[in-house]
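Worksheet for the structure shown next.
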Amino acid sequence: MVPMSAEPIVQIRNINKFYGDNHVVRDLDLDVLEGEFLTILGSSGSGKTTTLRMVGGFEQPTSGEILLGGENVADREPYERDVNTVFQSYALFPHMTIFDNVAYGLKMRKVPKDEIVRRVTDILALVQLTAFESRRPSQLSGGQMQRVAIARALVNHPKVLLLDEPLGALDLKLRKQMQLELKRLQRKLNITFLYVTHDQEEALTMSDRIGIMHDGVLEQVGVPKDIYEEPANRFVATFIGETNLFDGVISAVGGDIARLTIESGTVLGRCSGLKVGEMAAVSVRPERMRFSTMPVDGFSIEGIAREQVYVGSVLKSMVELPNGQEVRLERLASDPLPADGPVYLYWDPLDARVVQSPDQAVYGAVQTATFL
Amino acid sequence: MKLSSHEFRSNTLPAAITVIPAVAWLALFVAIPLVYIVVMSFCSIDEYYNVTFQFTLGNYANLLNPSYVQIYVQSLVIAALSTIICLALGYPFAYLISRTFKEHKVILYMLVIIPFWTNSLIRIYGWRTFLGASGFLNAALMSLHVVNEPVDFLFNQGATILGMTYDLFPFMVLPLYTAIEKLDEAQIEASSDLGAHGLATLFKVVVPQTVSGIFSGCIMVFIPSLGAFYISDILGGGNSDVIGNLIQRQFQSGNNWPLGAALSIILIAITLLLVKVYQCSGGDMESLGV
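Protein chains in written order, with this note's numbering: chain A, 1 to 372; chain B, 373 to 662.
The structure is reproduced here in structure tokens:
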């Protein structure tokens, strides 16, 4: 973990980026703390790669500032910035040996020759590629090329390492292995990583903090647990993991518990900063959903149990509400739902999160994000 | 093994239909003329300059005639200078085309392609009109009082090199463009990311990865400029003969076809030699269209 006292090494201040009329990054503010592993997570077209490329210097922001170690670098060329990038395609130089690839940055910065040899040898040992130093990139496997790309960037001791979906081209098994290896490297060298991916499991596995990006907007930044359990809004709730959403209007707020009037009745959930009368949705994770065969004191929603799938450790069930909404439950296999019978769904208000849902019509179709 | 009619129709026939025209084309227009030239180069001529099928190495011995050797050297110098100028102008231009956005790319590309489609004899005569004693350039210079009498732009090696460079420029740009276009933009970004300025990136990353394009462009300019006799005729006026002029003369006024054939073989040999050098230096043969 990164100590709370860590200083921000990258400060992105109110960045906007337009491609013609296309507003790809909107009013983005983000601090990356020294030594942390921060992942920007988003689907394709969310603006996450553009944001990373602006930090690297490959794109200029239309407006805003990017401070690196306190200095505004928004207008500087990539070679004038103390950051290095690991490209998605690796971009290794095919006409050079592995050694020369890794030494390239040091040679360009006129580091003395014996120091180049020492640093390149050390970093190649660290990524376990010592035996490959005189080979060409085309003679390596995908995973090895990946490690060369990381070594080539890290050997320069950048203030921040930028990684643009670096594991995207690897197969699943290798990807999992590289995730752990990257995390290990990052801890060992104590270099700040700014990582971009669309793979939420990857983000949850590796990151100290995650920023969720959607349509050019950074929706929420937080530690993985907060992102999952305290989603800031409807998008984040559906984007990370699987959830059930019940749209409605806040009818009462008491402390940090709110009462929502939804189509099937009234329900409770935790809430912060929302007011009576606001459009909102309550998000309940499938594993937090409870059921009874009889109405429950407090609140419950009636539905019909439809499907149950046994997946080893748990049962995945589906309950259909009178309005057609499908609610997902995950339960222990020893506690099945009555087949095709009426059931009453409820939850502990502390297990549910009320999120702002200003534009329910847009999101209406998206009831649950299916992520398994 | 005997083929059933079905097997013939489904296997042999389609293969034959697709392959035969190509083979026939190659045989008719490449193999047969080449064999003809080779045979011719070993033939003799009688006192009336008729070709007789009597084996001789005399044509090849004649190639060492000092007046010919002088033209070889002159021709190689003209070709080399034309190639260097084409490369120096063509590389930045090809780079520019491959790195500009769509609409502008088409315009730049057309600037190369349209002259390429226009008859080269006409374009060379155009230069003669432009550079001549009463041509546009001299008229302009005199009316501006830069000079008092027409400058002799034509009928020297410089004019020939200008013509060669101009005529063969597309042959340099197109293979260069293809090679540069193939280069992943991320390579350039990676180089810059690692601290290299524009020029360092150009010479350490871009040029080394486009060597095949450079070489094929150079071959495509160098070889034709050894043979483009009409350019040295029209613009050089007999003062800057190339090997092509020698060959042309043997087949026309000289009426010594066997000697012309031997000269042609030398030209082919130079081409093959250059390609071999390229291959031995680790060049990628596919990018030459070989």
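For glycine and all other residues, C-beta sits at the position ideal for the given N, C-alpha and C. Keep in mind it's a predicted model, so treat the numbers as computed, not measured.
A369 of chain A to P286 of chain A span [Cα, whole Å]: Bear in mind that the predicted position of A369 of chain A carries a pLDDT of just 36, short of 50, making it unreliable; the figure below should be weighed with that in mind. Distance between the alpha carbons of A369 of chain A and P286 of chain A: 12 Å.
Coil, strand or helix - A339 of chain A by DSSP: coil
Cβ pair count under 8 Å reaching 3, the region 535-547 of chain B against the region 456-464 of chain B: yes
Contact set for V102 of chain A: own chain, Cβ-Cβ below 6 Å, skip 5 residues either direction: Take V102 of chain A, set aside five residues on each side of it, and the residues of its chain with a beta-carbon closer than 6 Å to its own are V120, A151, R152 and V155, in chain order.
Reference A339 of chain A, options A:E320, A:Q325, A:S357 and A:A352, closest by Cα: A:E320
Rounded distance between the beta-carbons of L635 of chain B and I619 of chain B, thought under 8 Å: Right, their Cβ atoms sit about 5 Å apart.
Among B:N510, B:T643 and B:D524, the one whose alpha carbon lies nearest that of V518 of chain B: B:N510
Selection of the region 335-350 of chain A by Cβ proximity to chain B, strictly under 7 Å: none
Cross-strand partners of D31 of chain A (DSSP beta bridge): A:Q11
Inter-residue Cα distance where the pair is Q367 of chain A and T243 of chain A: Any answer about Q367 of chain A is weak, because its pLDDT of 38 lies below 50 and its placement is not dependable; what the coordinates show is given next. Straight-line measurement puts the Cα of T243 of chain A at about 8 Å from the Cα of Q367 of chain A.
Inter-residue Cα distance where the pair is A252 of chain A and A237 of chain A: 22 Å
Chain-ordered chain A contacts of D565 of chain B [CB-CB under 9 Å]: G56, G57, F58, P78, Y79, R81, V83, N84, T85, F87, A91, G105, A153 and L162
Within 8 Å, strictly: CB atoms of F527 of chain B and N611 of chain B: Contact flag set, yes.
Nearest-angstrom Cα separation, counted from R495 of chain B out to F502 of chain B: 10 Å
Cutoff 7 Å; reference P224 of chain A; Cβ partners in own chain excluding five residues on either side: L204, S207 and I210
Contact set between R109 of chain A and chain B, taken where Cβ atoms lie within less than 9 Å: L566 and G567
Inter-residue CB distance, I586 of chain B and L598 of chain B (contact presumed, cutoff 8 Å): At roughly 19 Å, the Cβ-Cβ gap does not stay under 8 Å, so I586 of chain B and L598 of chain B are not in contact.
Contact between the region 67-85 of chain A and the region 9-21 of chain A (3+ Cβ pairs under 8 Å): yes
Any alpha helix (DSSP H) of 4 or more consecutive residues that is wholly inside the region 112-159 of chain A: Runs of the alpha helix (DSSP H) inside the region 112-159 of chain A: 113-126 and 142-154.
Three-state secondary structure assigned by DSSP to E557 of chain B: helix
First and last residue of the uninterrupted alpha helix (DSSP H) at A466 of chain B: P438 to R471
Per-residue burial, C590 of chain B [other beta carbons within 10 Å of its own, 16 or more giving buried]: Classified as buried, C590 of chain B has 16 or more neighbouring CB atoms from the shown chains inside 10 Å of its CB.
Chain B residues whose Cβ lies nearer than 8 Å to that of P94 of chain A: Those within 8 Å of P94 of chain A in chain B are Q581.
Residue-chain proximity (Q559 of chain B, chain A), Cβ-Cβ < 8 Å: At least one CB of chain A lies nearer than 8 Å to the CB of Q559 of chain B.
Identity of the residue in A:I40, A:R53 and A:G269 nearest V217 of chain A by Cα: A:I40
Beta-carbon separation (whole angstroms), G265 of chain A vs F235 of chain A, contact threshold 8 Å: Rounded, the Cβ-Cβ distance is 25 Å, inconsistent with contact.
In DSSP terms, what F291 of chain A is bridged to: A:L345
Residues that N156 of chain A contacts on chain B, provided the C-beta gap is smaller than 9 Å: L566 and G567
Three-state secondary structure (DSSP) of R285 of chain A: In this structure, DSSP gives R285 of chain A a state outside helix and strand, which the three-state scheme calls coil.
Under 9 Å by beta carbon: chain A residues contacting A572 of chain B: Y79 and M108
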